[in-house]
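Novice: Below you will find the structure I want to go over with you.
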Amino acid sequence: MITLRDYQKDALRAVLAAQKRGVTRPLIALPTGTGKTIIFAALARLLGARALILAHRDELIRQAVDKVLMVWPDASVGVIKADENDFRDKQVVVASVQTLSKPSRLEQVAHQDFNLLVVDEAHHAVASTYRRIMDYLMFLEGEPERLLLGVTATARRGDRVGLGNIFEEVVYSTTILTMVRAGYLCDIRGIRVSTGADLSKVATRRGDFVESQLSLAVNTPERNGIVVAAYLHYAAGRKALAFTVDVQHAKDLAIAFKENGVEAKVISGNTPEEERRETLRAFRRGEIQVITNCAVLTEGYDEPSLDCILMARPTKSATLYTQCIGRGTRLFPGKQDCLVIDFADNRHDVCALPTLLGFGLDRLTRGQSVREEIEAQERRKVVRPIYGVSAEEFDLLGKSVFRWIQAGHQWRLPIAPQTYAVLSPDGDKYRVLLVARDERPQLLHPTALTIGYAQGIAEDYARQHGKAFSRRDAAWRQQPATEKQVDLLRKLGFNPTGITKGQASDILEEFFANRRRRA
Numbered sequence: 341m342i343t344l345r346d347y348q349k350d351a352l353r354a355v356l357a358a359q360k361r362g363v364t365r366p367l368i369a370l371p372t373g374t375g376k377t378i379i380f381a382a383l384a385r386l387l388g389a390r391a392l393i394l395a396h397r398d399e400l401i402r403q404a405v406d407k408v409l410m411v412w413p414d415a416s417v418g419v420i421k422a423d424e425n426d427f428r429d430k431q432v433v434v435a436s437v438q439t440l441s442k443p444s445r446l447e448q449v450a451h452q453d454f455n456l457l458v459v460d461e462a463h464h465a466v467a468s469t470y471r472r473i474m475d476y477l478m479f480l481e482g483e484p485e486r487l488l489l490g491v492t493a494t495a496r497r498g499d500r501v502g503l504g505n506i507f508e509e510v511v512y513s514t515t516i517l518t519m520v521r522a523g524y525l526c527d528i529r530g531i532r533v534s535t536g537a538d539l540s541k542v543a544t545r546r547g548d549f550v551e552s553q554l555s556l557a558v559n560t561p562e563r564n565g566i567v568v569a570a571y572l573h574y575a576a577g578r579k580a581l582a583f584t585v586d587v588q589h590a591k592d593l594a595i596a597f598k599e600n601g602v603e604a605k606v607i608s609g610n611t612p613e614e615e616r617r618e619t620l621r622a623f624r625r626g627e628i629q630v631i632t633n634c635a636v637l638t639e640g641y642d643e644p645s646l647d648c649i650l651m652a653r654p655t656k657s658a659t660l661y662t663q664c665i666g667r668g669t670r671l672f673p674g675k676q677d678c679l680v681i682d683f684a685d686n687r688h689d690v691c692a693l694p695t696l697l698g699f700g701l702d703r704l705t706r707g708q709s710v711r712e713e714i715e716a717q718e719r720r721k722v723v724r725p726i727y728g729v730s731a732e733e734f735d736l737l738g739k740s741v742f743r744w745i746q747a748g749h750q751w752r753l754p755i756a757p758q759t760y761a762v763l764s765p766d767g768d769k770y771r772v773l774l775v776a777r778d779e780r781p782q783l784l785h786p787t788a789l790t791i792g793y794a795q796g797i798a799e800d801y802a803r804q805h806g807k808a809f810s811r812r813d814a815a816w817r818q819q820p821a822t823e824k825q826v827d828l829l830r831k832l833g834f835n836p837t838g839i840t841k842g843q844a845s846d847i848l849e850e851f852f853a854n855r856r857r858r859a
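Start counting at 1 in the sequence shown, then tack on 340, and there's your number in this note's numbering.
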């Protein structure tokens with residue numbers, strides 16, 4: 341069973357405290373990749389509730405089923421979607437909004453006594469399909485025995501329609517910046533590239549640009565060429581996801597990439613399901629460098645190795661921009677950061693990385709990262725002594741940049757000398773093992789997990805047991821290599837000139853990990 345992180349426990353406590361105050365429709369706002377599904381699955385388990393979970397995409401439905409079982413292995417879980425109608429006697433039911441909102445399906449579940457209703461991606465909750473379900477099952481009437489929980493990465497909607505008509509209170513929230521600082525999301529690096537495109541005549545409707553007019557302004561050979569050139573200059577070799585205005589823009593941009601020797605594919609709402617899955621598999625394997633997409637991969641897409649976002653689509657919507665950036669912020673072993681390239685046109689009222697994260701518009705535009713910018717801000721602060729009392733320096737970022745070592749298809753995280761948390765492949769998932777010299781490997785989790793959750797289990801263990809040994813930013817790593825390290829590196833054929841203790845440790849650990857694998 342998954343062990344909750346501190347902020348996930350805090351979110352649960354906030355929901356329960358609000359319920360005691362009479363709040364029956366709470367909302368949780370947490371960034372993409374921080375385990376919102378884990379929180380509501382844990383809530384269902386804690387309450388022993390008969391739970392109904394609403395999702396609007398197939399990927400979100402399957403993810404919810406998997407993660408409920410990670411948190412609550414003994415739960416019986418059913419699905420309502422298209423031809424699937426497995427809800428009777430199930431403790432937890434995950435339902436497609438499009439399917440369940442049909443009157444015939446609603447009649448079937450009306451007397452199933454669900455007392456917890458969870459709305460995933462809750463910024464969609466004002467839509468008529470969601471309202472129909474919530475009204476029919478009487479979750480909007482404030483009855484204390486029924487709890488309606490919304491979870492979302494943003495409590496705002498691009499069209500400015502408020503969620504207050506559905507949810508009473510945001511009981512717990514945190515930001516991308518906070519999660520980056522705490523090490524639960526990867527660092528983010530920003531670059532802004534000027535394109536010269538004229539958006540002055542593009543109209544606004546419902547809080548964002550009119551797409552037909554926006555496409556005419558930005559889908560040009562010149563601007564697409566700038567996007568490609570920026571990728572080749574700043575991000576060559578990274579796995580990039582490009583967000584475009586419409587399908588034609590996605591197609592034209594992919595052609596521009598291919599003409600410049602970059603393997604790129606298009607995914608749109610018209611892409612057949614099997615072709616879409618194969619494209620995403622090829623992207624995961626590194627056979628495709630860039631995917632261009634229009635309004636398809638903004639929600640429910642989970643590829644942790646993705647490390648570049650190309651915002652080829654200007655937007656005024658903070659909700660849409662946050663969703664796009666969130667695709668690249670998940671952790672992955674060995675991943676240093678996610679590079680976000682904003683393409684700036686002649687409008688200053690569009691969303692951009694620095695303003696999203698609360699920095700000045702002149703920050704995060706030339707390759708600086710979130711961590712570097714925070715550190716720079718802290719250096720600029722004047723610290724005044726108080727009554728002569730000295731203060732001990734503390735880690736302002738709560739950094740959790742771990743020292744992952746790749747050994748074949750395995751990933752190893754040092755916990756102590758000759759002791760590792762190991763991610764070992766099991767089909768398309770990973771087992772999480774604790775491996776120490778001369779000891780039998782120990783499972784840190786009973787079942788195989790997707791790479792993101794397997795990595796999370798290992799890193800949470802390292803936070804508790806690895807301390808400075810597991811971190812790339814530990815002070816000892818900047819010290820000169822020891823004589824013993826230098827001698828051993830020379831014997832193994834490496835040049836140790838000018839090397840630090842941390843660099844020597846990484847080289848030796850990777851060498852011996854791969855030698856053991858080949859033995």
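Backbone N, C-alpha and C fix where the C-beta goes; we use that ideal spot for every residue, glycine too.
Once the 5 residues before and after Lys842 are set aside, which same chain residues still bring their CB inside 6 Å of it?
Specialist: At residue 842 the sequence reads Gly, which differs from the Lys that was named. The residues are Arg817.
Novice: Going by beta carbon distance, what residues of the same chain come within less than 7 Å of Ile342, once the five residues before and after it are set aside?
Specialist: Here the set comprises Ile378, Met410, Val411.
Novice: Taking 9 Å as the threshold (C-beta atoms), are Asp846 and Arg706 in contact?
Specialist: No, the pair does not count as a contact, with Cβ atoms beyond the cut-off.
Novice: Just list the residues that DSSP pairs Asp677 with in beta bridges.
Specialist: BP columns for Asp677 point to Asp527.
Novice: Apart from the five residues on each side of it in sequence, which residues of its chain come closer than 8 Å, Cβ to Cβ, to Met478?
Specialist: Excluding positions up to five away in sequence, the list reads Arg486.
Novice: What is the DSSP secondary structure of Phe699, reduced to helix, strand or coil?
Specialist: Of the three classes helix, strand and coil, the one that applies to Phe699 here is coil, per DSSP.
Novice: Does the beta carbon of Glu614 fall short of 8 Å from some heavy atom of the ligand FAD?
Specialist: Annotation note on the ligand FAD: not contained in the displayed structure, which lists no ligands.
Novice: In the DSSP output, what is Gln452 paired with across the bridge?
Specialist: None; Gln452 has no bridge partner.
Novice: If you compare alpha carbons, which of Tyr476, Thr544, Val690, Ala652 is closest to Ile681?
Specialist: Among Tyr476, Thr544, Val690, Ala652, the Cα nearest to that of Ile681 is on Ala652.
Novice: So, is Asp768 buried or exposed, given that buried needs 16 or more other C-beta atoms within 10 angstroms?
Specialist: Asp768 should be labelled exposed.
Novice: Where does Asp682 sit, in a helix, a strand or coil, going by DSSP?
Specialist: In this structure, Asp682 counts as strand in the three-state DSSP scheme.
Novice: Would you kindly work out how many angstroms separate the C-alpha atoms of Ala844 and Ser810, rounded to a whole number?
Specialist: Straight-line Cα distance between these residues: approximately 15 Å.
Novice: Does DSSP put Asp398 in a helix, in a strand, or in coil?
Specialist: Asp398 falls in the helix class under three-state DSSP.
Novice: What is the DSSP secondary structure of Val550, counted as helix, strand or coil?
Specialist: In this structure, Val550 counts as coil in the three-state DSSP scheme.
Novice: Please list, in chain order, all residues of the same chain as Ala731 whose beta carbon is under 6 Å from its beta carbon, the five residues on each side excluded.
Specialist: Its pLDDT being 29, under 50, Ala731 is placed unreliably in this model, and the value from its coordinates should be taken loosely. Excluding sequence neighbours, Ala731 sits near nothing in its chain.
Novice: Run the CB neighbour count on Leu637, radius 10 Å, all protein chains shown included, and call it buried at 16 or more, exposed below.
Specialist: Leu637 comes out buried.
Novice: Quick check: what's the CA-CA separation for Gly609 versus Lys831?
Specialist: In a straight line, the C-alpha of Gly609 is about 57 Å away from that of Lys831.
Novice: How far does the beta strand (DSSP E) with Ile312 in it extend, from its first residue to its last?
Specialist: Nothing in the structure corresponds to residue 312, since the chain is present only between 341 and 859.
Novice: By DSSP, does Phe380 sit in helix, in strand, or in coil?
Specialist: The answer is helix: DSSP assigns Phe380 an H, G or I state.
Novice: By Cβ distance, which residues of its chain are closer than 7 Å to Pro725, with the 5 residues on each side in sequence left out?
Specialist: Here the model assigns Pro725 a pLDDT of 38, short of 50, so the residue's position is not dependable, and the following value carries that caveat. Same-chain partners within the cutoff: there are none.
Novice: In chain order, what residues of the same chain have a beta carbon less than 8 Å from the beta carbon of Asp527, not counting five sequence neighbours either side?
Specialist: These residues qualify, in order along the chain: Val520, Gln676, Asp677, Cys678, Ser709, Val710, Arg711, Val741.
Novice: Straight-line CA distance for Pro366 to Arg670?
Specialist: Pro366 and Arg670: Cα-Cα distance of roughly 26 Å.
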